[in-house]
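In order, the protein sequence lines correspond to chains A and B. Numbering of the first sequence is given in the working numbering, commencing with residue 753 and proceeding in unit increments. Numbering of the second sequence is given in the working numbering, commencing with residue 753 and proceeding in unit increments. Ideal Cβ positions, reconstructed from N, Cα and C, are used throughout, including at glycine. Each remark here refers to the structure printed beneath this line.
Protein chains: 2
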Amino acid sequence: MKELILELIEKGKYSEARNKLIDMNEVDIAQLLEELDKQKLLIIFRILPKEIAAGVFSYISYELQGYIIESITDKEIKNIIDELFFDDTIDFLEEMPSNIVKRVLKTTDEDTRKLINQFLKYPEDSAGSIMTIEYVDLKKEMTVEQALEHIKETGVDKETIDTCYVLDSNRILEGVVTIRKLILSNGSTLVKDIMTSDPIYINTHDDHEEIAALFKKYDFISMPVVDNERRLVGIVTIDDVVDIIDQENTEDFQKMAAMHPSDEEYLKTNVLALAKQRITWLLILMISATFTGNIITKYNEVLQSVVVLASFIPMLMDTGGNSGSQSSTLIIRGLALGEIRTSDILKVILKEIQVSFIVGITLSALNFLRIYFLKKIDLYISLTVCITLFFTIIIAKIIGGVLPILAKKLKVDPAIMASPLITTIVDATALIIYFSVATRLLHI
Amino acid sequence: MKELILELIEKGKYSEARNKLIDMNEVDIAQLLEELDKQKLLIIFRILPKEIAAGVFSYISYELQGYIIESITDKEIKNIIDELFFDDTIDFLEEMPSNIVKRVLKTTDEDTRKLINQFLKYPEDSAGSIMTIEYVDLKKEMTVEQALEHIKETGVDKETIDTCYVLDSNRILEGVVTIRKLILSNGSTLVKDIMTSDPIYINTHDDHEEIAALFKKYDFISMPVVDNERRLVGIVTIDDVVDIIDQENTEDFQKMAAMHPSDEEYLKTNVLALAKQRITWLLILMISATFTGNIITKYNEVLQSVVVLASFIPMLMDTGGNSGSQSSTLIIRGLALGEIRTSDILKVILKEIQVSFIVGITLSALNFLRIYFLKKIDLYISLTVCITLFFTIIIAKIIGGVLPILAKKLKVDPAIMASPLITTIVDATALIIYFSVATRLLHI
């Protein structure tokens, strides 16, 4: 199918290509357009029916959106903006340079312009930034028949009609009713008798994390967004929430690998931005690692007198770091999904102590077998290594379990307390234990 | 509200409590029941209207589900199973011990029992394991009016009526039509004229990752699942997909922290299972870290003659490890979201070389300032440390960028190539560079 259309376009048979295209899903049309050269892209885009063109427009990359807007007439821009859902308009304008934003705003009427400017001002992480205004509003005195008639008249431009919002004359949210309930009810029933009063809602300033948590908890498809007077200002739909969930996870992955979070795609981010994203944390961790170096300097005599001790340092540091990050990852993830609360701190500590006992004894025993029996290392040195390993694992797991929870208590993002930071802390701890045990056991 | 209901239950005013409860969202009722002692829980659960009871049942923990089933009559079990959505029944049965499964199956009729057994057999990671059978099916010759009438008659038991599925007499999927299109169309229009033919569908054996990718790509709310003959066997709804996305992410977080993935909640997992999840990888990494130790042993003379060199080892190893995991995290995430493909490998290498140049020069320069000028370390030793740091960062970032892509090419999960494994590889590399530079520059 795709090859056929590309061939038709190649041959200049545009209207034939168009007829094949309009049967496809808008997402797939957008993907196909991305593969064309810019001139052909423009030709095809302009001959698409305008509702489809707007849908396709919302799915192509920001770069091509900018190119299209720069290449078409004001009239055509107006057509697209009229057909686009409001949240897609805002998404797109947020990414455009100011000259394009100005040009787009010029084509809209004053009310829309005002609304766009208002929406562009919502903080990036708030409900305001992802909500849309194409919802169905009903009055509670309507009958089901009137409500369905109203939906039939106004529904074509709405992003979703699955849930309808019942408002009073001041646009204050009084209830919600699903299209399913309307269809399954008798025509003469009043909306107020089948609506859910006291619906669960979002405030314009709620952040993305809270919104995602509400959608997950209640399995909603859409949710109303209200201002401080409980007036309905928009709705958030599940497709945007899915994007949020991905973004929040990407941020956590990045923070946990000691980077400033960024929601730009890797391949589309320039080299300088990538470098900047990474340098600060590397620097902080590099400097903290010198403390570990200082410990080695301090116990240099120990290393000089029992040379073989140095060769176990990487193993002790790595195992400590890995043990700690296992624990911190589980706790950070549990906190993010709401499965662990800060009040669970004692349960976590208890669990980590038990787990680290099992892990510590197993690894130390295996390690003892390996270095004492296989590598024939001196008994006391073998014991020094294994005792250190055991205590390092225990301390690493407790630190890994506790730090994310403490961070959350102090309103710091727990994701910061991940592998790199834990590793640095545990490294130093491991060495201090190592040299303390060594000096005692080996009488150095 | 919650306190009031708990008080009413405390005082034994059950029917009053019930009247308050049934106005609440089922998720919130479930949460409230979880806080009651088991006897009270059972009393309240039994006096809930049966549709609400089934909804609440699907939201409470598996432990309490098991307890309730064990405590109620066969008749009551049948009522719950009749009202439960099929996917919730399967979810619940999957977690129950076999005696409970048997008891539940005994209460169902033969057809349901057959179907349950068939669904329980689908692989855990397949579409079959999350689909449900409560969908609306239409015929393409129906008029919109007939279709809406049909929905009105059968819709009350369906999980969603937002999208309806058009089937031929052999239940082969011919198209889909949204409730929105039906409502906005003229009553005499035929379904076949407004349906989307060639709808995008899932196969029963598609895995969760592919399903999530399709939902994200097309912003669907539900998707049809067909067998190899394209017969409709069920539908998947977005709420289950959101759960999948969370699960897939949790798995990636766990793999990236060197653990066997598990989808059990941390606080609900027992200590032995947690220890088992962690030991294997720690052991593998512990043994690989001994190679790094061997390098230290081999170059022991170098360390003996220039004692201060040892104190920079932790800093070099940590910075190398962190640089590598930054890169691997970005690439693993990009691969998971479909933003990076294996064919992008050269682009990634080129980008990582450029980024690592900037990062390497910055960190090495700052480090040189610190150790040569501030700590007054010998010029050649300072140079040795900074040159090693520079090359370690470059190699770490290339390894971190390339390994996840190679893993994907070899059909291994890229998430394995994360922080812990990269650290182990980079540690050894850093030390080899360090000692090679040192022997040359310091003429040892």
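### Task
Could you spell out the range, first to last residue, of the beta strand (DSSP E) harbouring P976(B)?
Counted from its first residue, the second sequence places residue 976(B) at position 224. Where P976(B) is concerned, the enclosing beta strand (DSSP E) stretches over 974-978.
### Query
Grouping DSSP H, G and I as helix and E and B as strand, with all else coil, what is S1116(A)?
Working through the first sequence from its first residue, we reach residue 1116(A) at position 364. Helix.
### Query
Between F809(B) and L836(B), is the Cβ-Cβ spacing less than 8 Å?
Locating residue 809(B) in the second sequence gives position 57, counting from the first residue. Locating residue 836(B) in the second sequence gives position 84, counting from the first residue. Against a cut-off of 8 Å, the Cβ pair of L836(B) and F809(B) comes out as a contact.
### Task
At 7 Å on the CB atoms, spell out the chain A contacts of Q1006(B), in chain order.
Counting from one through the second sequence, the residue named residue 1006(B) turns up at place 254. Near Q1006(B) (Cβ distances below 7 Å), the residues of chain A are T1081.
### Message
Beta carbons nearer than 9 Å to chain D: which residues of the stretch 1031-1046 of chain B have them?
### Response
You won't find chain D in this structure, because its protein chains are A and B.
### Message
If the criterion is Cβ atoms closer than 8 Å, does the pair Y953(A) and L919(A) meet it?
### Response
The residue given as residue 953(A) occupies position 201 in the first sequence. The residue given as residue 919(A) occupies position 167 in the first sequence. In this structure, L919(A) does not lie closer than 8 Å to Y953(A) by Cβ.
#### Entry: Q1106(A) to N922(A) span [Cα, whole Å]
Residue mapping note: residue 1106(A) aligns to position 354 of the first sequence, counting from 1. Residue mapping note: residue 922(A) aligns to position 170 of the first sequence, counting from 1. Near 59 Å, if we compare the C-alpha coordinates of N922(A) and Q1106(A).
### Message
So that I know if they touch, is there some Cβ in chain A lying closer than 8 Å to that of D914(B)?
### Response
In the second sequence, counting from the first residue as 1, residue 914(B) sits at position 162. Answer yes: the Cβ-Cβ gap between D914(B) and chain A drops below 8 Å somewhere.
### Task
Flag this pair as yes or no: are the beta carbons of P1066(B) and D1179(A) separated by less than 8 Å?
Taking the first residue of the second sequence as 1, we reach residue 1066(B) at position 314. Taking the first residue of the first sequence as 1, we reach residue 1179(A) at position 427. In this structure, D1179(A) lies closer than 8 Å to P1066(B) by Cβ.
### Task
Report yes if the CB atom of T1032(B) is closer than 8 Å to the CB atom of I1031(A), and no otherwise.
Sequence index remark: in the second sequence, residue 1032(B) carries index 280 (1-based). Sequence index remark: in the first sequence, residue 1031(A) carries index 279 (1-based). Taking 8 Å as the Cβ cut-off, T1032(B) and I1031(A) do not qualify as a contacting pair.
### Counterpart residues of I954(B) in DSSP-defined beta bridges
What you label residue 954(B) is simply residue 202 of the second sequence in a count that begins at 1. DSSP lists V977(B) as partners of I954(B).
### Task
Give a yes or no on whether 8 Å exceeds the smallest Cβ distance from Q791(B) to chain A.
On the second sequence, position 39 is the one that residue 791(B) refers to. No, because no Cβ of chain A sits closer than 8 Å to the Cβ of Q791(B).
### Query
If you draw a straight line from the alpha carbon of M776(A) to that of P801(A), how long is it in whole angstroms?
Translated into the one-based positions of the first sequence, residue 776(A) becomes position 24. Translated into the one-based positions of the first sequence, residue 801(A) becomes position 49. Rounded to the nearest angstrom, the two C-alpha atoms are 13 Å apart.
### Beta-bridge pairing of I931(A) - partner residues as DSSP gives them
Counting from one through the first sequence, the residue named residue 931(A) turns up at place 179. Per DSSP, none; premise fails for I931(A).
### Query
Hey, does I973(A) have any beta-carbon neighbour from chain B nearer than 8 Å?
For this step, residue 973(A) is matched to residue 221 along the first sequence. Judged by the 8 Å Cβ criterion, I973(A) is in contact with chain B.
### Task
Quick one: grab the DSSP three-state call for V988(B).
Indexing the second sequence from 1 puts residue 988(B) at position 236. Three-state DSSP puts V988(B) in a strand.
### Task
Mind listing the chain A neighbours of Q1106(B)? Cutoff is C-beta to C-beta under 7 Å, in chain order.
Here residue 1106(B) is taken as the residue at index 354 of the second sequence, counted from 1. Simply V1023.
### Query
Looking at S1079(B) and S1077(A), is the spacing between their C-beta atoms short of 8 Å?
Your numbering for residue 1077(A) matches position 325 in the first sequence. Your numbering for residue 1079(B) matches position 327 in the second sequence. Going by C-beta atoms, S1077(A) is not nearer than 8 Å to S1079(B).
### Task
Using 10 angstroms around the beta-carbon of M753(B), count the other beta-carbons present and answer buried if the total reaches 16, otherwise exposed.
Position 1 of the second sequence, counted from the start, is the residue given in the question as residue 753(B). With fewer than 16 Cβ atoms within 10 Å of its Cβ, M753(B) is classed as exposed.
### Task
State the Cα-Cα distance for the pair N1046(B) and F1064(A), rounded to the nearest angstrom.
For the purposes of this step, residue 1046(B) is taken as the residue at position 294 of the second sequence. For the purposes of this step, residue 1064(A) is taken as the residue at position 312 of the first sequence. Approximately 9 Å, taken between the alpha carbons.
### Message
Whole angstroms are fine: how far does the CA of E886(A) sit from the CA of I833(A)?
### Response
Here residue 833(A) refers to the residue found at position 81 of the first sequence. Here residue 886(A) refers to the residue found at position 134 of the first sequence. Looking at the two C-alpha atoms, the distance is approximately 13 Å.
### Query
DSSP beta-bridge partners for V918(A)?
Along the first sequence, read from residue 1 onward, the residue named residue 918(A) stands at position 166. Looking at the DSSP assignment, V918(A) forms a beta bridge with L890(A), G927(A).
### Message
Measuring straight from C-alpha to C-alpha, what distance separates E755(A) and T1136(B)?
### Response
Within the first sequence, numbered from 1, the residue matching residue 755(A) stands at position 3. Within the second sequence, numbered from 1, the residue matching residue 1136(B) stands at position 384. So the alpha carbons of these two residues sit roughly 57 Å apart.
### Message
Whole angstroms are fine: how far does the CA of L1019(A) sit from the CA of D998(B)?
### Response
As a first step, residue 998(B) is located in the second sequence; it is residue number 246 there, counting from the start. As a first step, residue 1019(A) is located in the first sequence; it is residue number 267 there, counting from the start. C-alpha separation (whole angstroms): 24 Å.
### Message
Looking at the secondary structure, which residues open and close the alpha helix (DSSP H) in which D863(A) lies?
### Response
Counting from one through the first sequence, the residue named residue 863(A) turns up at place 111. It spans 862-872 - the alpha helix (DSSP H) in which D863(A) sits, taken as one unbroken run.
### CB contact check: L900(B) to chain A, cutoff 8 Å
Counted from its first residue, the second sequence places residue 900(B) at position 148. So, interface residue.
#### Entry: Length of the line joining the Cα atoms of S1186(A) and E1104(B)
Numbered from its first residue, the first sequence carries residue 1186(A) at position 434. Numbered from its first residue, the second sequence carries residue 1104(B) at position 352. A small fix is needed here, since residue 1186(A) is Tyr in this sequence, not Ser. Going from the Cα of Y1186(A) to the Cα of E1104(B) covers about 37 Å.
#### Entry: Partner residues on chain A for N777(B), Cβ-Cβ distance less than 7 Å
As a first step, residue 777(B) is located in the second sequence; it is residue number 25 there, counting from the start. For the C-beta of N777(B), the chain A residues within less than 7 Å are, from N- to C-terminus, I952, Y970.
### Query
If we count the other Cβ atoms within 10 Å of its Cβ and call it buried at 16 or more, is K873(A) buried or exposed?
As a first step, residue 873(A) is located in the first sequence; it is residue number 121 there, counting from the start. Classification for K873(A): exposed.
### Query
Does R982(A) come within less than 8 Å of chain B when only Cβ atoms are used?
Along the first sequence, read from residue 1 onward, the residue named residue 982(A) stands at position 230. Not one chain B Cβ lies under 8 Å of R982(A).
### Task
Given a cut-off of 8 Å, decide if A1010(A) and L1034(A) are closer than it, judged by their beta-carbon atoms.
Working through the first sequence from its first residue, we reach residue 1034(A) at position 282. Working through the first sequence from its first residue, we reach residue 1010(A) at position 258. Yes, they are a contact pair.
### Contact set between G1086(B) and chain A, taken where Cβ atoms lie within less than 8 Å
Residue numbering aside, residue 1086(B) sits at position 334 when the second sequence is read from its first letter. Those within 8 Å of G1086(B) in chain A are E1017, Y1018, L1019.
### Task
Just the C-alpha distance for V908(A) and E901(A), rounded to the nearest angstrom, thanks.
Numbered from its first residue, the first sequence carries residue 908(A) at position 156. Numbered from its first residue, the first sequence carries residue 901(A) at position 149. Using only the alpha carbons, I get a separation of about 12 Å.
#### Entry: Proximity of V1059(A) and N1052(B) at Cβ, strictly below 8 Å
Your numbering for residue 1059(A) matches position 307 in the first sequence. Your numbering for residue 1052(B) matches position 300 in the second sequence. Yes, Cβ-Cβ distance for V1059(A) and N1052(B) is below 8 Å.
### Query
What residues in its chain sit with their C-beta under 8 Å from that of E893(A), if we drop five residues either side in the sequence?
Translated into the one-based positions of the first sequence, residue 893(A) becomes position 141. Apart from sequence neighbours up to five positions away, the residues of its chain that approach E893(A) with a beta-carbon distance below 8 Å are L942, V943, K944, ordered along the chain.
### Query
On the three-state DSSP scale, how would you describe D1130(A)?
Start at 1 with the first residue of the first sequence, and residue 1130(A) comes out as number 378. Looking at D1130(A) - three-state DSSP - the assignment turns out to be coil, as it is neither helix nor strand.
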